[in-house]
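Using mature numbering (1 follows the signal peptide of the UniProt record, and there is no 0), the letters of the sequence shown correspond one by one to residues -19 to -1, 1 to 299.
The C-beta atom is built at its ideal place from N, Cα and C for all residues, glycine as well.
Each remark here refers to the structure printed beneath this line.
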Amino acid sequence: MFRHLLRLLLLCVPLTAFAQAPTAPVRLIIPFAPGGTADILGRLLANSLTPIVGQQVIVENRSGASGFIAAQATAAAKPDGQTLMMSFLNLHAVSKQVPGMNLPIDPDKDLTPIVNVARVPFILVANKNAPFNTVQELIAYARANPDKLSFASSGSAGGPHLAGELFKAQAGVSILHVPYRGGAPAVNDIIAGNTTMIFGLLPELIGQIQAKNLKPIAMLSQNPNPLVPNVPLIRSVLPNYDNDYWYAISGPAGMAPATVAYWNEAVNKALQTPELRQRLERQALEPIGGSVESFRATIKSDYDKWGDIVRRAHITAE
């Protein structure tokens, strides 16, 4: 009788009532090297989460293999909420669709999406002596001179590559793609005049823009950014162009719904604090937050959007 009554009581209690705060320091695995956008975002979020969850959130950088070394380490961890990772758009929505990409895990099966964290605006910048100053001039020049212009990227099928291919598809132009092993050598070659332009992350380019080493052409996001208030939106020329990158929090597969709900709520609380929001804004990062369901919907939408670009541009793994 007692067991039957206990079972009934348990069925009446919401899952979230079982959500427990972590009982030991939490690992937040960052898939890229220290100093980049993901690392900066991860450390800001970890500092804000620590007082909320009552345990230290420790950042652990695991770079390599386009983020999949970190993803593999996360997938191998116990699904108890003590190990999380800073996941990102390409990991969840692109990599599986790139022919030749040898993946150590399946993100759909081996990871649990928890919450989207921040949006990172893209900006189109060019060499100071590039033969255009606006998107209209760029399109006109590219149409008159097919493949004479080039755009750099930090690697095949990465965010800057996809952004460039989306531009080519919508503008109806042919521009040569030049992949590099990382963003720094790509930017250096643009400054040197060996490559024309890059569709890159604003936080990683703002220093060179402010130093006037690169010429800003257009913001690729839906809204202007206060760090570059005079840079026009590409949507004024290509109304359907929209390219913001995002970073999120995911965990290993098999996490209990209550644990997922706990971390979703914790991250949303952190993102609502004025201190974190101000720090993100200074880094050109826009907080997102929201439900697990809205994050999954974003993954699905971007999966469809970028999968179409991968197929149309015949993008393959390097």
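Given a cut-off of 7 Å, decide if residue j and residue i are closer than it, judged by their beta-carbon atoms.
i: A229; j: N97; result: yes
i: G232; j: L65; result: yes
i: V79; j: Q36; result: no
i: A298; j: D91; result: no
i: M67; j: G17; result: no
i: G48; j: L72; result: yes
i: G164; j: N108; result: no
i: I280; j: A99; result: no
i: V116; j: A133; result: no
i: M236; j: P60; result: yes
i: I11; j: A56; result: no
i: S131; j: L147; result: no
i: P197; j: V218; result: no
Please return the same chain residues whose Cβ sits closer than 8 Å to the Cβ of residue i, not counting the five positions on each side in sequence.
i: Q203; result: L214, R216, D223, D225
i: P(-6); result: Confidence at P(-6) is low in this model, with a pLDDT of 41, below 50, so its placement is unreliable and no value can be given for it.
i: T93; result: P60, S231, G232, P233, A234, G235, M236, V241
i: A251; result: L26, S29, L30, I33, L257
i: P127; result: V154, S155
i: Y161; result: A133, S134, S135, G136, A167, D170
i: L208; result: L183, I187, A265
i: R277; result: P94
Short of 7 Å in beta carbon distance, which residues of its chain neighbour residue i, apart from the five on each side in sequence? Order them along the chain.
i: I21; result: Q264
i: A150; result: I290, R293
i: D283; result: L70, A74
i: L(-11); result: Residue confidence is low: L(-11) scores 39 on pLDDT, short of 50, so the model does not pin down where it sits. Its coordinate-derived value is still stated next. Here the set comprises nothing.
i: N169; result: none
i: F(-2); result: Note on F(-2): pLDDT 43, under 50, position unreliable in the model; the coordinate value appears next. Hits under 7 Å: A239.
i: A5; result: Q36, Q63
i: K286; result: none
i: M(-19); result: With a pLDDT of only 43 at M(-19), under the threshold of 50, the placement of this residue in the model should not be trusted; the figure read from the coordinates follows. Correct list: empty, nothing qualifies.
i: V40; result: L9, I11, G23, R24, A27
i: H295; result: none
i: N221; result: Q151
i: A247; result: L30, I33, V34
i: A19; result: I11, P12, F13, M67, F69, Y228
i: R260; result: L25
Between which two residues does the alpha helix (DSSP H) harbouring residue i extend?
i: R293; result: 273 to 293
i: A242; result: 238 to 252
i: L257; result: 255 to 263
Let's see if you can read the secondary structure: which residues bound the beta strand (DSSP E) around residue i?
i: Y122; result: It is not in any beta strand (DSSP E) - Y122 instead sits in the alpha helix (DSSP H) that spans 116 to 125.
i: Y228; result: 225 to 233
i: L9; result: 7 to 11
i: A133; result: 131 to 134
Excluding sequence positions up to five away, which residues of its chain have a Cβ less than 6 Å from the Cβ of residue i?
i: L(-14); result: Its pLDDT being 39, under 50, L(-14) is placed unreliably in this model, and the value from its coordinates should be taken loosely. Taken in chain order, the list of residues that qualify is empty.
i: residue 303; result: The displayed coordinates of the chain run from -19 to 299. Any statement about residue 303 would go beyond what the structure contains.
i: L195; result: V106, Q189
i: N245; result: I95, V96, V273
i: G288; result: Q78
i: N249; result: G270
i: L119; result: F113
i: V38; result: V7, L9, A27, L30, T31
i: C(-8); result: Unreliable positioning characterises C(-8) in this predicted model, as indicated by a pLDDT of 41, which lies under 50. The coordinate reading is nonetheless provided below. Hits under 6 Å: none found.
i: I172; result: N194
i: M82; result: S76, A298
Would the stretch 21 to 35 count as touching the stretch 191 to 210 if we require 3 or more Cβ pairs under 8 Å?
no
Counting Cβ pairs, one atom from each stretch, are 3 or more of them under 8 Å apart for the stretch 246 to 260 and the stretch 46 to 58?
no
Would you be able to state if there are at least three C-beta pairs under 8 Å between the stretch 132 to 145 and the stretch 173 to 181?
yes
How do the stretch 118 to 128 and the stretch 270 to 279 stand: do at least 3 beta-carbon pairs fall below 8 Å, yes or no?
The stretch 118 to 128 is not in contact with the stretch 270 to 279.
Entirely within the stretch 140 to 219 and at least 3 residues each: give me those beta strand (DSSP E) ranges in chain order.
Within the stretch 140 to 219, the complete beta strand (DSSP E) segments of 3 residues or longer fall at 157 to 160, 178 to 182, 195 to 200, listed in chain order.
Fully enclosed by the stretch 20 to 99, which alpha helix (DSSP H) runs are 4 residues long or longer?
49 to 57, 70 to 74, 88 to 91
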